[in-house]
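Asker:
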Amino acid sequence: MSGLFSHPPARTGVWGGRPDLRFSTWVPAPGDHAWAGLTQHLHLWWPADELSRWGEDSFFDLEDNALVETSAHDDENVWGEVTDSSPGEWLEMSWRQVGSTSTTVVRIEMTPAGEAAPAPRSTAPHRDGTGAARTGVTLTLVHSGWTDQDPQDAYEFYRAFWPDALSRYQRFMGGS
Numbered sequence: 000m001s002g003l004f005s006h007p008p009a010r011t012g013v014w015g016g017r018p019d020l021r022f023s024t025w026v027p028a029p030g031d032h033a034w035a036g037l038t039q040h041l042h043l044w045w046p047a048d049e050l051s052r053w054g055e056d057s058f059f060d061l062e063d064n065a066l067v068e069t070s071a072h073d074d075e076n077v078w079g080e081v082t083d084s085s086p087g088e089w090l091e092m093s094w095r096q097v098g099s100t101s102t103t104v105v106r107i108e109m110t111p112a113g114e115a116a117p118a119p120r121s122t123a124p125h126r127d128g129t130g131a132a133r134t135g136v137t138l139t140l141v142h143s144g145w146t147d148q149d150p151q152d153a154y155e156f157y158r159a160f161w162p163d164a165l166s167r168y169q170r171f172m173g174g175s
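Here numbering that gives the first Met the number 0 is used: position 82 in the sequence shown is 81, and no number is missing along the way.
1) Using a Cβ-Cβ distance cut-off of 7 Å, determine whether G30 contacts chain C.
2) Here's a check: name, in chain order, each residue in its chain whose Cβ is nearer than 6 Å to the Cβ of V81, leaving out the five neighbours to either side.
3) Would you check if the segment 145-158 and the segment 39-48 touch, i.e. whether three or more CB-CB distances between them fall below 8 Å?
4) Are the CB atoms of T102 and W94 within a distance shorter than 7 Å?
5) With DSSP as the reference, identify every bridge partner of E68, one or two as the case may be.
6) If you draw a straight line from the C-alpha of V136 to the C-alpha of P18, how long is it?
7) Would you tell me roughly how many angstroms separate the C-alpha atoms of E108 and A71, rounded to the nearest one?
8) Can you give me the Cβ contacts of L140 inside the same chain, cut-off strictly under 6 Å, excluding the 5 residues immediately before and after it?
9) Which of the three DSSP states, helix, strand or coil, is assigned to H42?
10) Determine which residues share a DSSP beta bridge with H138 and list them.
11) When the Cα atoms are used, what is the spatial distance from T198 to S175?
12) A164 to D73, Cα distance in whole Å?
13) Using DSSP bridges, identify the partner residues of W89.
14) Applying the criterion that 16 or more other CB atoms from any shown protein chain within 10 Å of the CB defines a buried residue, is S85 buried or exposed?
15) Going by DSSP in three states, D152 sits in which element: helix, strand or coil?
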């Protein structure tokens with residue numbers, strides 16, 4: 000009964016400290032091409048000018064199941080480690096936060112046009128001007144696992160970063 004009239008201790012480092020970040024975009028490409036653009040050609044569209052330890056001259060690539068940034072001097076930084084995937088369908092990474100000791104989870108899913116998909120914030124319409132459904136895939140990114148100890152500025156950074164990254168991917172894949 001000693002805790003009957005006192006406040007419970009504050010919980011720190013618990014999952015769910017902030018809402019998941021959820022974004023999607025549509026690309027006018029078959030699933031296998033969209034997946035290759037995402038995983039094999041990431042270095043061609045990744046916004047290194049926004050997320051880089053060493054600047055725009057860095058090279059980003061998915062190698063050995065990790066998203067690795069390599070500097071012009073061959074220094075390497077691992078941003079995310081692939082924890083699970085189903086090629087052509089989804090990819091999940093344990094994401095490392097700069098300025099924090101915790102990690103979060105980034106999950107990217109591809110849904111072919113015509114299949115049911117969640118209704119996250121979209122960076123492009125899924126229909127053309129005639130109202131006809133387009134062929135292609137919807138890429139949905141969910142950045143989850145935020146704790147109450149993760150820096151608020153990191154959360155705000157990714158809230159702005161992911162839509163821009165997806166927009167660049169969409170343009171690279173031929174979308175507008």
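Just so you know, even glycine gets a beta-carbon here, dropped at the ideal spot from N, CA and C.
Answerer: The short version:
1) In the structure shown, chain C does not exist; there is a single protein chain.
2) N64, M92
3) Between the segment 39-48 and the segment 145-158, the count of Cβ pairs shorter than 8 Å is below three; the stretches do not touch.
4) yes
5) Answer is F59, N76, bridged to E68.
6) 25 Å
7) 31 Å
8) F22, I107, W161
9) In this structure, H42 counts as helix in the three-state DSSP scheme.
10) The sequence as given places Leu at residue 138; His does not occur at that position. Beta bridge pairing from DSSP links L138 with T24, M109.
11) Any question about residue 198 goes unanswered here, given that the chain covers just 0 to 175.
12) 24 Å
13) DSSP lists S85, E108 as the bridge partner or partners of W89.
14) exposed
15) helix
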